[in-house]
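Report on one structure; see the data block that follows.
Numbering (my numbering), first residue to last: 1 to 405.
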């Protein structure tokens with residue numbers, strides 16, 4: 001019980017620091033012997049945190065470790081702070097209108113929180129070319145922490161906690177100095193990059209793929225790939241400063257493990273994968289369609305459920321057109337999850353109750369054919385092609401068989 005109370009006290013303190021963002025964090029004392037590896041009074045490092053098990057933590061996290069021995073400062077600078085209590089948080093996140101902010105907390109508290117979550121931390125100390133460069137970045141961190149400067153408009157791929165930390169640490173304060181990450185300019189797509197971290201979480205991957213559109217399947221640049229914490233870590237390992245034709249390592253030495261990496265076990269989840277559910281649903285659609293054909297009937301009640309679900313999914317994808325996330329507003333899966341199904345629901349049912357066929361089925365069949373062609377351009381969510389095949393069969397049965405009868 002005492003152990004539990006201690007953990008609760010620790011996390012309550014961390015929560016106060018995160019939500020309060022008190023500048024007194026700068027006064028935190030550094031553990032004895034910690035500075036033996038440091039080469040100067042001011043040290044700036046990249047912190048890369050191990051992915052967690054929750055959907056929002058699957059990709060890991062990045063922060064900055066800022067030490068100033070002269071001022072007795074040892075803090076973690078974190079650009080991943082957000083507040084669920086803000087009005088319409090979920091809707092704002094979907095439409096790309098979420099504001100994150102920079103937070104500061106004592107370094108040992110930061111490490112303790114991640115250790116408790118069983119998430120390791122790796123530190124990479126930056127090899128700045130002069131003490132003046134370090135001081136400028138230290139001043140920039142303090143300036144960035146001013147209340148009027150803390151918030152920023154969050155974007156998962158282009159402007160997140162990892163890219164913010166990178167830009168702060170590598171901001172070109174000196175002219176004529178470039179950074180080379182020693183990697184090919186073009187690489188995997190955003191979708192492929194996210195798949196590397198959703199392996200073992202098929203429903204998270206399916207949800208991501210359902211919302212991501214055509215632009216998520218374009219090749220990414222080196223800088224774009226650095227939205228993922230461990231991609232940035234690997235680039236820092238191989239990166240160099242380029243000054244007057246001379247290459248200088250980006251890091252002052254080997255990466256250090258602050259909190260050891262934990263073995264990850266499968267957290268489990270739904271017993272059925274998206275593919276299995278799609279197959280079951282497809283079999284139900286095909287079976288009922290076959291029964292209708294044999295009995296010369298129309299199960300209009302089933303079409304109410306089917307078109308209602310398709311239409312609601314279509315409304316969600318239609319709403320994403322207006323999102324500020326640039327990779328979701330052009331999504332060919334709207335041909336499958338089509339808002340037209342909701343618009344035409346009542347006319348379709350009215351026709352079927354009179355044993356007539358509405359033009360919607362022909363229009364939707366054309367949309368499904370275009371959906372299949374779209375596989376050449378976009379990678380679809382798991383199971384959607386299976387579902388589309390069964391729906392096309394139902395469309396064809398409605399169009400030809402019932403008209404013939």
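Built from N, CA and C at the ideal position, the CB exists for glycine as well.
Rounded straight-line distance, which links the Cα of residue j to that of residue i
| i | j | result |
| --- | --- | --- |
| residue 202 | residue 273 | 6 Å |
| residue 355 | residue 56 | 49 Å |
| residue 218 | residue 189 | 5 Å |
| residue 49 | residue 247 | 28 Å |
| residue 132 | residue 138 | 10 Å |
| residue 401 | residue 293 | 7 Å |
| residue 388 | residue 285 | 11 Å |
| residue 344 | residue 277 | 26 Å |
| residue 107 | residue 79 | 14 Å |
| residue 200 | residue 231 | 20 Å |
| residue 353 | residue 290 | 18 Å |
| residue 241 | residue 250 | 6 Å |
| residue 157 | residue 369 | 31 Å |
| residue 296 | residue 282 | 21 Å |
| residue 207 | residue 96 | 17 Å |
| residue 385 | residue 393 | 13 Å |
| residue 397 | residue 298 | 11 Å |
| residue 177 | residue 135 | 17 Å |
| residue 306 | residue 391 | 9 Å |
| residue 302 | residue 214 | 32 Å |
| residue 280 | residue 288 | 12 Å |
| residue 408 | residue 264 | Only positions 1 to 405 of the chain appear in this structure, which leaves residue 408 out of reach. |
| residue 94 | residue 69 | 42 Å |
| residue 221 | residue 76 | 28 Å |
DSSP state of residue i mapped onto helix, strand, coil
| i | result |
| --- | --- |
| residue 53 | coil |
| residue 237 | helix |
| residue 130 | coil |
| residue 113 | helix |
| residue 375 | helix |
| residue 229 | helix |
| residue 160 | coil |
| residue 355 | coil |
| residue 155 | strand |
| residue 243 | strand |
| residue 195 | helix |
| residue 185 | coil |
| residue 397 | helix |
| residue 80 | strand |
| residue 257 | strand |
| residue 47 | strand |
| residue 180 | strand |
| residue 207 | helix |
| residue 119 | coil |
| residue 66 | strand |
| residue 212 | coil |
| residue 21 | The pLDDT assigned to residue 21 is 36, lower than 50, so where the model puts this residue is not dependable; a value taken from the coordinates is nonetheless given after this. Coil, per DSSP. |
Where residue i falls, given that 16 or more other Cβ within 10 Å makes a residue buried
| i | result |
| --- | --- |
| residue 33 | Note on residue 33: pLDDT 48, under 50, position unreliable in the model; no value is reported. |
| residue 261 | exposed |
| residue 366 | exposed |
| residue 160 | buried |
| residue 378 | buried |
| residue 151 | exposed |
| residue 244 | exposed |
| residue 361 | buried |
| residue 164 | buried |
| residue 254 | exposed |
| residue 416 | No answer is possible for residue 416: it lies beyond the span of the chain, which begins at 1 and ends at 405. |
| residue 47 | buried |
| residue 184 | exposed |
Residue i vs residue j beta-carbon contact at 7 Å
| i | j | result |
| --- | --- | --- |
| residue 380 | residue 333 | yes |
| residue 61 | residue 326 | no |
| residue 81 | residue 144 | no |
| residue 74 | residue 67 | yes |
| residue 310 | residue 341 | yes |
| residue 238 | residue 182 | yes |
| residue 315 | residue 331 | no |
| residue 197 | residue 58 | yes |
| residue 162 | residue 227 | yes |
| residue 121 | residue 258 | yes |
Any non-hydrogen atom of the ligand ZN within 6 Å of residue i CB
| i | result |
| --- | --- |
| residue 218 | Among the components of this structure there are no ligands whatsoever, and the ligand ZN is therefore not found. |
(request) Entirely within the region 260-291 and at least 4 residues each: give me those alpha helix (DSSP H) ranges in chain order. (result) none
(request) Please specify which runs of the beta strand (DSSP E), each continuous and at least 3 residues long, are wholly inside the region 298-347, giving them in chain order. (result) none
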